[in-house]
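Chains as they are written, first to last, in the numbering used here: chain A, 14 to 825; chain B, 14 to 825. Beta carbons: idealized from backbone N, C-alpha and C, even for Gly. Since this is a predicted model, take the numbers as computed values, not measurements. The next block holds one structure in the form of structure tokens; read it before the comments.
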């Protein structure tokens with residue numbers, strides 16, 4: 014190990030060194046066995062073709078490095094009583110995590126079929142990357158894992174999320190040098206500016222420089238070492254370098270580095286917790302430089318393999334048909350001297366004794382199986398924070414600000430297991446009421462002029478959606494709750510991370526020893542229809558489309574139309590487990606439609622007829638449907654025009670909060686039966702539907718419905734710029750006037766009065782567009798619009814004087 | 014400026030200083046005017062409420078910094094004849110780019126209505142963030158821009174892409190300190206390891222530390238300066254710091270920094286081009302530290318604004334209604350002393366003389382309007398590289414490898430305007446034949462054991478999809494051609510970047526002075542059905558769903574089923590302009606179905622009946638449709654079973670290459686008329702469709718079709734793991750046996766023979782799954798399957814002995 018505090022005395026005595034090395038050999042042996050062998054697990058005879066799997070699928074290159082880190086972490090856990098979990102950034106080295114969990118006994122505890130004996134080892138080998146078996150990566154099926162080894166880049170953000178509010182935890186995170194090149198990983202080095210040394214645990218990054226990715230050297234391995242170390246120091250780390258290819262030497266260096274790293278962590282904690290000194294200091298990290306595919310074949314078919322990219326996957330690919338390859342494989346496996354490590358497949362007792370005990374084993378640590386630690390949030394009834402609604406449209410609130418007030422209670426009542434994450438948008442999205450009871454955590458310099466910034470806090474803001482998402486995933490996978498507040502358009506940045514998380518949730522639903530974890534909740538605000546300061550680049554409602562491609566068992570989408578429905582929705586989401594909940598809500602001042610009690614009922618139903626807006630008495634001529642706050646406003650405004658101007662037209666008004674209600678019950682657990690759907694939307698009546706997002710999604714969700722051919726959807730069709738709110742809906746033909754035209758065009762036999770109204774609507778639209786161009790603002794009759802129900806439902810009239818003119822003053 | 018080469022002699026004499034400062038004041042004045050004023054542009058009278066826009070939308074905070082960089086780049090351009098373009102990472106400071114383009118005269122050249130006089134200035138102010146006007150960001154509408162100021166994080170990757178193969182260009186790229194926190198930006202610092210100093214231009218990063226984002230300080234501004242500088246040096250830069258809040262002092266520092274940076278660039282070029290010394294050396298960058306909202310209001314309503322996050326957008330928000338705010342605005346604007354800069358709205362001649370001339374102006378540089386420089390690729394007819402196909406299914410190739418051979422010609426014949434980008438997957442995706450004629454460019458250390466790695470090369474590989482995408486965007490927006498080869502699942506990483514690029518293309522279609530640029534081409538391989546080494550995490554075909562949400566004018570999706578159709582498709586894509594082309598193709602050995610000539614015709618049609626697979630003679634009982642290579646194989650295998658076992662059943666086989674053909678012609682330019690669609694798919698006949706991706710996309714594309722209710726789609730439904738290829742299709746019910754069952758279940762009146770076949774199919778599936786679990790491989794009759802047409806079309810029979818057994822040896 015090279016560091017400022019160089020030590021040359023060996024840390025390990027010979028017995029310790031022998032033990033560490035023996036475990037490492039055992040783990041390497043089991044790793045190679047998993048990749049290659051169908052039979053003859055203990056090599057009790059020469060390797061025959063049929064001993065080898067017909068399809069060799071896996072990744073050897075990173076595996077010996079992961080095994081090395083694992084055994085040294087175990088040594089640290091045992092020698093110092095450390096509470097640690099292990100995250101493998103290069104998690105395609107799945108055999109490593111499985112091998113260590115097996116050696117520790119946890120694997121057999123989870124999968125009793127995989128016994129700790131010869132038959133079990135055979136089964137362990139066979140099942141890997143084998144039909145009906147286990148995936149090739151570190152995966153949900155792997156005990157001790159919260160980090161899928163699929164898409165690269167998230168190991169550090171997961172690690173920081175796991176460390177938050179776990180003051181005694183050490184999260185060891187191996188960063189592969191390929192992964193190092195990815196954007197999300199590069200940003201997540203700054204996670205160390207968002208930990209509180211008093212209340213949070215520590216992250217120990219281990220950058221493993223094995224030099225190569227699939228087919229290329231890695232950037233960090235091929236820049237000057239001084240550049241790399243400067244960069245890492247610039248990220249705020251003290252770099253402890255462990256480098257070599259002689260195992261005994263590397264073991265000594267690694268043991269010393271682990272001890273020193275732990276000393277540093279301990280001292281930082283002590284200073285913060287005992288002396289109150291929370292000054293950020295360089296955190297330790299280990300730079301581990303060892304050959305790719307270390308201990309594997311050095312040369313295959315005349316080409317160097319160990320220490321090159323050729324070791325990435327399966328170094329010997331022809332072991333079934335090529336006797337020379339098979340002989341090399343046998344020689345390789347025998348080099349680990351398994352006969353010294355296992356007795357008839359049972360790990361020797363002196364090696365078993367090297368494993369930590371019970372939940373101290375990283376493969377059994379409950380933090381890596383967060384459902385075990387999940388406690389429900391203490392949540393007030395949302396109705397305690399509901400806004401008063403005397404009549405529909407009689408008052409105005411900013412829905413997300415009202416939610417912010419509810420979150421005050423949530424933050425206050427759940428001081429150690431709830432956090433809000435956001436890319437510098439918490440205030441912009443108007444959740445700032447939470448700053449009454451908490452701050453934004455920041456370990457950088459804080460100035461007197463800063464507001465709500467402190468070394469402690471429940472709000473975590475970094476301008477990296479990837480990092481926010483990774484933090485929250487790490488936080489929920491370790492059993493805690495959170496909310497990610499983001500601009501709607503830019504949540505697409507984490508499309509791929511969402512994919513991986515949704516896959517994790519889907520898979521773990523079917524793993525009995527993994528209890529459910531809290532849901533991952535998105536609040537998407539600053540949405541497509543109100544990007545006043547920005548424009549076209551900030552307009553994209555397609556995350557919903559992306560989300561609904563994933564397993565119906567784990568995804569939920571909500572579009573609350575006002576403040577109280579947002580509260581009800583969010584309470585439900587925060588109570589839920591093992592879903593991804595997407596909530597899209599407005600931050601601009603907008604009308605309140607439903608009381609707390611009505612919101613509760615409406616959200617429970619997910620979709621329903623708003624009687625006070627309807628006059629169909631069970632026999633509609635047209636159904637006006639809507640989902641989303643702005644669509645609801647335009648749909649109501651259209652309904653008002655229709656009811657005033659064409660009083661004989663029977664209009665049914667249907668609002669959808671829970672988008673998945675539109676699917677049929679066979680497709681999604683929230684899906685409506687055809688009977689229920691037909692009772693809402695009819696079977697042969699025109700439906701004009703105003704939708705928040707891309708209109709075709711509604712068709713995709715409803716294509717099996719009886720009334721499908723009568724459904725006409727308006728939504729965002731990729732038209733926009735920096736303009737007024739009403740100009741935006743006009744650009745996309747979702748404005749009230751266009752909806753009236755749509756109704757008139759689709760309901761047969763409406764006569765001349767309707768024809769005249771149609772022309773008037775067309776003219777009004779033209780006038781509205783011109784007015785906006787002339788005045789830079791919306792038509793006064795739109796800006797000052799208010800809901801009045803038509804004459805036949807007087808008991809739900811309008812209030813006289815409230816207007817919806819949007820303020821721009823606090824508008825980010 | 015502080016640097017290792019500190020200089021204290023002022024660089025600018027008084028006249029130069031006065032000139033630079035005057036330009037800066039003019040640009041600042043025009044910036045503020047754009048944000049605020051409807052009228053009274055020259056402040057010829059006191060500011061009245063109606064002079065101010067009713068909605069104040071824009072971002073002041075970053076603007077003075079952008080203006081400062083711009084004027085100093087202009088000085089460099091004039092004094093040293095530099096060929097430079099300007100990329101504003103914090104491009105929400107749109108007023109800055111517009112102001113400078115206006116001062117340079119370019120704005121009036123592009124928009125003659127915006128004259129260089131009082132009326133023009135008035136119009137310039139009014140149109141900004143105003144309905145019918147221009148967006149608030151640096152946008153496609155902004156002359157000199159190739160970088161939309163929307164989503165943050167891409168300025169450096171765009172800059173590096175623009176610099177490639179432009180040996181004399183300097184790309185100045187301002188990085189905001191908020192943007193600095195994003196993942197994509199963090200990764201893109203390593204772009205400097207992928208430039209060739211001989212044949213590529215230079216990127217000059219300017220990190221602007223104004224300290225704040227929307228509502229928070231930035232991380233780089235609040236870590237120790239030594240940490241930041243180490244980090245930047247670790248990224249491979251020499252850091253030239255310019256810091257202060259006294260304009261005269263900052264101007265001097267900035268001029269010195271610009272000169273020194275240019276000296277360094279010049280010396281690196283000279284050493285490489287004259288001495289052949291291509292050793293990577295630290296590239297210059299400027300660290301600019303100035304207050305956010307510099308020169309704006311210092312205090313508003315008692316709170317500090319300049320130098321805080323409160324300056325981010327509109328520092329004085331109440332200027333219409335609040336007389337005090339309005340007075341502050343007036344005072345602020347008058348502080349620039351516009352009367353010294355403009356005569357009746359015309360920039361004074363001595364200031365006009367400070368602008369570079371003609372295309373040396375950054376706002377007029379043709380590199381920032383790449384369509385001006387676009388040259389078509391020299392492309393061989395793909396048929397010269399077509400594989401020989403004697404009969405459908407008579408031979409086997411790896412389609413992407415065949416494409417790689419075609420790309421050999423493309424690379425060779427287009428040595429300076431075509432590149433291949435990939436996240437370490439070019440070889441994995443089997444495009445490695447291109448290494449016959451080129452290398453992977455790399456400026457890091459190169460070892461003797463490396464292959465195809467060199468300081469020069471047409472292949473650019475960094476393990477960051479974000480960086481690859483950014484490079485390619487920068488490359489195409491400056492008029493050159495490229496291909497991004499990526500694993501299908503992980504292309505979702507750039508969903509959001511794709512959004513922004515598609516929006517750019519859509520917008521620029523309507524800007525007459527922006528000629529079209531080359532298309533952005535994706536080759537997605539290692540797709541969902543063949544993720545043998547990886548599994549569930551690597552299975553996601555949803556990028557297509559994401560893409561088709563964007564404007565039909567700019568997106569194209571192709572699913573070539575074999576090698577020759579892939580060649581035909583890719584030639585078409587490489588010839589095209591101003592699209593995003595998504596091509597999904599397999600890399601595994603698979604059957605050839607069409608000859609070069611047939612592929613040409615089929616791809617031109619986009620979808621068509623394969624007569625040799627059909628026996629319907631114009632009157633089908635069932636249509637079997639397919640799109641994608643694996644679905645085509647399964648659909649053909651099902652067709653073969655049906656034709657052999659139910660010879661009376663009339664089967665029509667339809668393959669779709671161009672997915673957008675399924676939409677109707679009103680929705681997409683490639684859409685088929687209803688008449689054409691009906692002639693392919695019938696109006697009341699069952700259609701069983703095997704699709705590469707999520708099945709509901711086909712429903713969404715076809716919901717308006719007559720035969721919609723008879724369409725039954727199979728595809729990926731999010732079931733998968735590490736398993737065999739045929740197990741994957743079985744897990745998702747898209748296998749041949751299931752397709753046969755689907756046909757039998759949907760075609761009425763097939764009788765007992767069909768019922769028996771159905772049961773046999775069910776049994777065979779069960780057997781196949783069990784076989785796979787037992788043997789770890791596919792059923793031999795599946796592995797060794799071959800196409801034979803049924804008896805009635807003997808002229809297109811099968812070849813006798815070729816099998817489709819997939820090799821795993823070269824399988825990454």
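Interface flag for residue 232 (chain B) against chain A is set, since a Cβ pair is found closer than 7 Å. Under the 8 Å Cβ criterion, the stretch 106–119 of chain A does not count as touching the stretch 480–487 of chain A, having fewer than three qualifying pairs.
Between residue 157 (chain B) and residue 324 (chain B), the gap from beta carbon to beta carbon reaches 7 Å or more. The stretch 576–586 of chain B makes no contact with the stretch 741–750 of chain B: fewer than 3 CB pairs, one atom from each, lie closer than 8 Å. Boundaries for residue 720 (chain A): no alpha helix (DSSP H) harbours it, and the DSSP string shows neither H nor E there. In this structure, the straight-line span from the alpha carbon of residue 380 (chain B) to that of residue 302 (chain B) is close to 29 Å. Judged by DSSP in its simplified three-state form, residue 185 (chain B) adopts strand. Going by DSSP, residue 80 (chain B) is part of the alpha helix (DSSP H) stretching over 76–93.
The Cβ atoms of residue 633 (chain A) and residue 665 (chain A) lie closer than 7 Å to each other. The residue from B:607, B:295, B:586 with its alpha-carbon nearest to that of residue 420 (chain B) is B:586. Just so you know, the alpha carbons of residue 692 (chain B) and residue 393 (chain B) end up roughly 34 Å apart. Against chain A, a Cβ distance below 7 Å from residue 736 (chain B) picks out 144.
Bounds of any beta strand (DSSP E) do not take in residue 293 (chain A), whose DSSP letter is neither H nor E. Between the stretch 197–217 of chain A and the stretch 163–176 of chain A, the count of Cβ pairs shorter than 8 Å is three or higher; the stretches touch. A straight line joining the alpha-carbon of residue 684 (chain B) with that of residue 627 (chain B) spans about 24 Å. Looking at the DSSP output, residue 668 (chain A) shares a beta bridge with A:621, A:639. For residue 712 (chain B), the nearest beta carbon of chain A is closer than 7 Å to its own beta carbon.
For residue 484 (chain B), the enclosing alpha helix (DSSP H) starts and ends at 478–490. In the three-state DSSP reduction, residue 47 (chain B) falls in the helix class (H, G or I). For the stretch 534–545 of chain B, the set of positions with a beta-carbon nearer than 9 Å to some beta-carbon of chain A reads 545 in chain order. The C-beta distance from residue 193 (chain B) to residue 233 (chain B) rounds to 5 Å, short enough to fall under 8 Å. For residue 694 (chain A), the enclosing alpha helix (DSSP H) stretches over residues 687–694. Nearest to residue 447 (chain B) by alpha-carbon distance, out of B:564, B:472, B:455, is B:472. Residue pairing by DSSP places residue 453 (chain B) opposite B:466, B:472 in a beta bridge. Remark: C-beta atoms of residue 622 (chain A) and residue 753 (chain A) do not approach each other more closely than 7 Å. For the stretch 509–524 of chain A, the set of positions with a beta-carbon nearer than 8 Å to some beta-carbon of chain B reads 509, 512, 513, 516, 519, 520 in chain order.
Chain-ordered, the chain A residues with CB closer than 7 Å to the CB of residue 200 (chain B) read 194, 195, 196, 199. Our two residues, residue 235 (chain A) and residue 787 (chain A), have alpha carbons roughly 60 Å apart in a direct line. If you check the CB distance, residue 593 (chain B) and residue 568 (chain B) come in under 7 Å. When C-alpha distances from residue 169 (chain A) are compared across A:227, A:760, A:359, A:205, the shortest belongs to A:205.
Between residue 244 (chain A) and chain B, the shortest Cβ-Cβ separation is below 7 Å. The beta carbons of residue 565 (chain A) and residue 681 (chain A) sit closer together than 7 Å.
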